[in-house]
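Here the working numbering is used: the first residue of the sequence shown is 96, the next is one more, and so on.
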Amino acid sequence: MALEKIAGVRAAARDVEPFVAELFTAAGVNRESAEACARAVVDASARAYDTHGVRLIPFYMQGLAGGRINKTPSLTVTEKAASAVHVDADDGLGHYASYRAIDEAAKLAEKTGVAVATVGRSTHHGATGVYTRYAATKGFVAIGMTHADAMVIPHGGASAFFGTNPLSFAVPVEGEDPMVLDMATSSIPFNRVGLRRATGQPLPEEVAVDDKGEFTTDANAAVWVAPVGGADYGYKGSGLAGMVDLLCSAFTGMGHGKTMASFNGPDFSKPIQIGHFFIVLSPAVFQALSAFDARISDFLADLRAQPAKPGQKVYAPSDIEKGEAKKRAVEGIPVDNVTWGALEGFAAQYGVKVPAATADAG
């Protein structure tokens, strides 16, 4: 994972989270939804998932103001089978529904060893890895995914068909934070394009295309992104994106990504109705926990000890984020100037006190 340079401010996560929750409640969001969203976006920023962290708050506020997102949802939980549960999000913030889905699946997995939780009639839920990591902190292994509106070209295509359709996997690790894989099935999430626009940085090669379907490094010219694998091997990313789309649509009753309204408007009045799909496993049902923990620890130790190229190091998934999380716990989470300015505007609008922050050149 390459960390973005963010010119803006730094603020303590412990101050930003209640501030964000208060903004949402001041805007009319019920307490459960507001706190879940604040928790999820700040957790993402605290762990260096900046594209899906605090910078998404203006996006959610726009959806709430337009009516796309239900401010006061009433979640409905239906047990479909001994190991399957469905959460109807009632068009509310997807963070609230996703945390609830993990909790419900975990209760079933304790009995059955494995459980599936689907979420329907939801909205964008931020970083999918937030929820799989949450499950791992409770002692479970989790797989999570969500689909999205079309912004990724299929391999060989010239216009968007798939969403960025992220896929996440998290495992508890004895003596350290869970190992988390959180990746888009696109070359980059489109939010990274937005972040590069805000920070004025160019994009890497072969990750985004312009309105003619040609690869571009200009974030302002980029209209879609490419699947994982780039120009030559993008069929791999397309295949994974299709898997995520089907699990999140066919199992939840939602339409596939191409049928969704654009996340970026211009219509922010109609619900998009996204689906999420989670699998939660209880290691204790399959192995003695001592044996399971030893296997995970042995795997990570062996992986991290592998020989590396000169000047490089072999990392396990989320190792870089774990290191950055420790740094941010001391220095604060970075928020780009565009987002911080928007937060200050919302704070003034709703009479909410802005947390202390220090300038950061990135």
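Heads up, the beta-carbon is just placed ideally off N, CA and C, and yes, glycines get one too. Because the structure is a prediction, the values reported are computed rather than measured.
- In this structure, the alpha-carbon of residue 191 lies about 9 Å from that of residue 168.
- If you look at residue 235, you'll find it isn't in any alpha helix (DSSP H); DSSP assigns it neither H nor E.
- The beta carbon of residue 429 sits closer than 8 Å to the beta carbons of 101, 103, 104, 105, 140, 145, 423, 455 and 457 from its chain, once the five residues preceding and following it are set aside; these are given in chain order.
- Residue 323 is not a Cβ neighbour of residue 263, given a cutoff of 9 Å.
- For residue 272, the enclosing beta strand (DSSP E) stretches over residues 271–278.
- Residue 195 is positioned such that its CB atom lies closer than 9 Å to that of residue 170.
- When the Cα atoms are used, residue 301 and residue 176 turn out to be separated by approximately 44 Å.
- Sequence-distant Cβ neighbours of residue 166 in its own chain, meaning closer than 8 Å and more than five residues away, are 122, 123, 124, 125, 128, 159 and 187.
- The beta carbon of residue 366 is closer than 8 Å to those of 163, 164, 165, 186, 216 and 218 in its chain, skipping five residues each way along the sequence.
- Where residue 378 is concerned, the enclosing alpha helix (DSSP H) starts and stops at 378–381.
- In the structure shown, the three-state DSSP call for residue 120 is helix.
- At the C-beta level, residue 265 and residue 237 come within 9 Å of one another.
- With a beta-carbon spacing of about 6 Å, residue 340 and residue 257 fall inside the 8 Å limit used to define contacts.
- Taken in chain order, the complete alpha helix (DSSP H) segments of 4 or more residues contained in the stretch 278–353 are 285–294 and 325–345.
- The C-beta distance from residue 358 to residue 244 rounds to 5 Å, short enough to meet the 8 Å contact threshold.
- Contact between the stretch 330–339 and the stretch 304–317 is absent, with fewer than three C-beta pairs closer than 8 Å.
- Residues 223, 226, 227, 263 and 373 of the same chain have their beta carbon placed closer than 6 Å to that of residue 239, with the five preceding and five following residues left out of the count.
- Non-local beta-carbon contacts of residue 439 in its own chain, meaning distances under 7 Å to residues more than five positions away in sequence, involve 449 in chain order.
- In the DSSP annotation of this structure, the continuous segment of the beta strand (DSSP E) that includes residue 455 starts and ends at 453–455.
- Your pair residue 268 and residue 391 checks out as a contact, with CB atoms roughly 6 Å apart and the cut at 8 Å.
- Here the C-alpha atom of residue 426 lies approximately 28 Å from the C-alpha atom of residue 395.
- Per DSSP, the continuous beta strand (DSSP E) segment holding residue 173 begins and ends at 171–176.
- Straight-line measurement puts the Cα of residue 273 at about 19 Å from the Cα of residue 147.
- The three-state secondary structure of residue 135, taken from DSSP, is helix.
- Considered as a whole, the stretch 379–439 harbours 384–399 and 414–426 as its complete alpha helix (DSSP H) runs of no fewer than 4 residues, in chain order.
- The straight-line gap separating the alpha-carbon atoms of residue 214 and residue 193 is approximately 7 Å.
- In the structure shown, residue 216 adopts extended strand secondary structure according to DSSP, grouped into three states.
- In the three-state reduction of the DSSP assignment, residue 198 falls in the helix class.
- For residue 284, same chain residues with a beta-carbon under 6 Å away, outside a window of 5 residues either side, are 146 and 259 in chain order.
- In this structure, residue 346 lies near residue 370, with their beta-carbon atoms less than 9 Å apart.
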